[in-house]
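At position 53 of the sequence shown (counting the first as 1) the number is 53 in UniProt numbering, and the numbers step up by one without a gap.
Contents: one structure, followed by commentary.
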Amino acid sequence: MSDPATSTPQGTAPYGAPPMPAPAFPSEYPAFPATSPTGGFAPPAGPPPQSSVYAPPAGPPPTQGSLYAPPPGFPPAPAGNYYNAYPAGAIEPPIVYYRGVAIHNPKFSGVIAKYDGADQDIASLLSLKGNGLIPALTKLGPLKTEVVVRDFPSHPNNKKCVSLKDHIKRETSGLVEDGLLGLILGPVRYDADRVRKALQGLGTNEEVLNEIVLELAPQDCSLLTYVYRETYGKTMLEDIKGDLSGSVAKLFETAVDVHRRMLPDANTPDHKQLAMDDARDLYKAGEGKMGTNEATFHTILTGRTPLHLVEVCRQYLDKQGKALSKAIQNEFSGDEKKSLESIIVGAELALSHPEFDPQALRDAKFLEDAMGSEGLLLMRILRAHWSRPRMDAITAAFPRVQEKHKGLALLSALDKIKKEKGALRDLLVGLVKGEGV
Numbered sequence: 001m002s003d004p005a006t007s008t009p010q011g012t013a014p015y016g017a018p019p020m021p022a023p024a025f026p027s028e029y030p031a032f033p034a035t036s037p038t039g040g041f042a043p044p045a046g047p048p049p050q051s052s053v054y055a056p057p058a059g060p061p062p063t064q065g066s067l068y069a070p071p072p073g074f075p076p077a078p079a080g081n082y083y084n085a086y087p088a089g090a091i092e093p094p095i096v097y098y099r100g101v102a103i104h105n106p107k108f109s110g111v112i113a114k115y116d117g118a119d120q121d122i123a124s125l126l127s128l129k130g131n132g133l134i135p136a137l138t139k140l141g142p143l144k145t146e147v148v149v150r151d152f153p154s155h156p157n158n159k160k161c162v163s164l165k166d167h168i169k170r171e172t173s174g175l176v177e178d179g180l181l182g183l184i185l186g187p188v189r190y191d192a193d194r195v196r197k198a199l200q201g202l203g204t205n206e207e208v209l210n211e212i213v214l215e216l217a218p219q220d221c222s223l224l225t226y227v228y229r230e231t232y233g234k235t236m237l238e239d240i241k242g243d244l245s246g247s248v249a250k251l252f253e254t255a256v257d258v259h260r261r262m263l264p265d266a267n268t269p270d271h272k273q274l275a276m277d278d279a280r281d282l283y284k285a286g287e288g289k290m291g292t293n294e295a296t297f298h299t300i301l302t303g304r305t306p307l308h309l310v311e312v313c314r315q316y317l318d319k320q321g322k323a324l325s326k327a328i329q330n331e332f333s334g335d336e337k338k339s340l341e342s343i344i345v346g347a348e349l350a351l352s353h354p355e356f357d358p359q360a361l362r363d364a365k366f367l368e369d370a371m372g373s374e375g376l377l378l379m380r381i382l383r384a385h386w387s388r389p390r391m392d393a394i395t396a397a398f399p400r401v402q403e404k405h406k407g408l409a410l411l412s413a414l415d416k417i418k419k420e421k422g423a424l425r426d427l428l429v430g431l432v433k434g435e436g437v
C-alpha cells in the first residue's frame, strides 16, 4: 500500500513538483493558486489513497479552502473556511492533514486499523541492527509508522516486548538516534517535541520557535496545541509566555490563536487591494509614524497566507522604495525583529525567484543557514521530508538561494558532511531523496 502521506492521488497532477509554478502576480491578484490556499503545499483535493482498512475522512480535509469542492462521494462541505477554522461540532475524522501531510488524527477516538504488510515491516525492523534501521524507517511514512510503533511490542518475534523507541535507542546513537526517534514521532508530535525542547533549559531557542510556530495555519496550530497539551499537561502558550515576555510574547500569542482569520479567503472581494491596504497599514504602523504599532505587524504578518505575503512585500517595495524586511530592521530589535523577519523571508525571496513557492524558498534558505549545525540541519530536513512535494520543491530551490556557494545542489552540500559521520549523512540523504517511500 502506498502511503497517503506521501503519495499523489490517482487522477491528479503531481502537486508541488519542482520548480514550483510561479505565484504570478500580474495585473490581477489571483483568487487562489491552483495548488493550495496556503501557498503551495496543501493536501490534495481528494482523500488520500486508501486501502480497505483506511476509510476516507468523513468530510473534506480540514485545511482545504472553501473554494475547493469536496471530491465525488464526499458530503457537501459545511459552511465556513476550512483553512481558517474547524467547523463547530464536527465529527473528528480518522485522518487529517498537518502542514499538508496526511496523519492519523490525534483527536480521533476510534482504533487505527492495521495496514496490509505491517507485520512484515515490524519483523524486518526487529531483524535489523544499527544503521540498517535507516532505510527501513525512512520508507514508511507517518501513517504506517504510527501503526508500526503501536504494534511493535506485541509482535510474535518481539520476545522481550520492547518498544520501537527502545529498539532504536539500543541500536543507534547520537544524531542518528535523535533523527530516527523524531521520525517515529510523526509530523505533529515531532513539532511538539521540538517546541518543548526549545523552551526547556537556560534560555529559549527562539530560532526553532519562529520556524515551527510562526509558520502554522490556524488548523495546523490547533492540532499542535492539542498534542502539546495532551503530551505535557500544559498549553503551548502557557509555556511560551513563561519563557518570553513583552511584545514578542504578544506576537506568539497572536500566532497560536486558532481562531485567527487567515486572509485572503473566499470572502475577500479584492485580493490585490487587500495587499495594497496591508502594505499601507504596515507603513503607517512603522516608518510612517513616531513609534511603532507592533500589534498591526503581528496581526498582518501572522494572518496572511504565504502567497499573499509575496504581494504585500511587492507592494511595500513599490510604494516605499525599500524592502519590508528593512523596515522591520529599523523599527524592531532583538527577538521580535528576528521573529518577524522569519515570517517574510520566503516572500521576499519569491520577488527575485517567482518560479518557486515562498515556503520552499524559506525552507531552502533555512537549510543553507543550518549547514554548520548538524542538529539543526537534521531537524529542518526531517520536518520537510514528510511532504514529498515540499521536499522536492526545497531541493529545486536550494541552488538558487545559495549565497556562499551559488548553484550548489542540496545533495552535494550534504555530501560535505565528514566521512566519520557517514551514518548521519546516509540518514539525511535518505530523507531528502525519499528512497523507498
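Glycine is no exception: its CB is placed at the ideal position from the N, C-alpha and C atoms.
- Per the coordinates, the alpha-carbon of residue 384 lies some 19 Å from the alpha-carbon of residue 415.
- When the alpha-carbon of residue 431 is set against those of 262, 150 and 411, the nearest one is in 411.
- Counted as a single uninterrupted DSSP element, the alpha helix (DSSP H) harbouring residue 344 occupies residues 334-352.
- A distance below 9 Å separates the beta carbons of residue 263 and residue 308.
- Out of 356, 205 and 129, the CA that lies nearest to the CA of residue 170 is found in 129.
- Sequence-distant Cβ neighbours of residue 211 in its own chain, meaning closer than 7 Å and more than five residues away, are 342 and 366.
- In this model, residue 434 and residue 382 are separated by some 11 Å (Cα to Cα).
- In this structure, residue 256 and residue 296 do not form a Cβ contact; the two beta carbons are roughly 19 Å apart against a cut-off of 8 Å.
- Residue 104 sits in a strand when the DSSP states are folded into three classes.
- Under the DSSP assignment, residue 95 falls in the beta strand (DSSP E) whose first and last residues are 95-98.
- When Cβ pairs closer than 8 Å are counted between the two stretches, the region 346-355 is seen to touch the region 314-326, the count reaching three or more.
- Annotation: residue 271 to residue 376 spans about 36 Å, alpha carbon to alpha carbon.
- In this structure, the beta-carbon distance from residue 97 to residue 91 does not fall below 9 Å.
- For residue 393 and residue 101, the gap between their C-alpha atoms comes out near 15 Å.
- Under the three-state reduction of DSSP, residue 380 is assigned to helix.
- Straight through space, the alpha carbons of residue 94 and residue 105 are spaced by roughly 5 Å.
- The alpha carbon of residue 266 has as its nearest neighbour, out of 285, 305 and 289, the alpha carbon of 305.
- DSSP places residue 189 in the uninterrupted alpha helix (DSSP H) bounded by 187-199.
- DSSP places residue 226 inside the alpha helix (DSSP H), whose first and last residues are 218-232.
- Here residue 320 is not near residue 215, since their CB atoms are 9 Å or more apart.
- Beta-carbon to beta-carbon, residue 152 and residue 143 are separated by about 15 Å, too far to satisfy the 8 Å threshold.
- Counting C-beta atoms within 10 angstroms of its own C-beta, residue 238 has fewer than 16 neighbours from the protein chains shown and is therefore classed as exposed.
- As DSSP reads the structure, residue 304 sits in a beta bridge with 263.
- Contact check for residue 248 and residue 331: beta-carbon distance about 14 Å, past the 8 Å limit, so the pair fails to qualify.
- Cβ contact annotation for residue 286 (same chain, cutoff 6 Å, sequence separation greater than five): 292, 327 and 331, in chain order.
- Under the criterion of beta carbons closer than 8 Å, residue 231 and residue 186 do not qualify as touching, at roughly 12 Å.
- In the three-state scheme derived from DSSP, where H, G and I count as helix and E and B as strand, residue 277 is classed as helix.
- A distance of 9 Å or more separates the beta carbons of residue 125 and residue 113.
- In terms of CA proximity to residue 364, 380 leads the group 352, 374, 380 and 355.
- The alpha-carbon of residue 202 is positioned some 15 Å away from that of residue 194.
- Per DSSP, residue 242 is one residue of the alpha helix (DSSP H) stretching across 236-243.
- Ranked by how close their Cα comes to the Cα of residue 233, the residues 192, 273 and 207 have 192 in first place.
- For residue 142, the enclosing alpha helix (DSSP H) covers residues 142-151.
- Residue 328: member of the alpha helix (DSSP H) spanning 324-331, first to last residue.
- Leaving aside the five residues that flank residue 276 on each side, the residues in its chain whose CB is nearer than 7 Å to its CB run, in chain order, 315.
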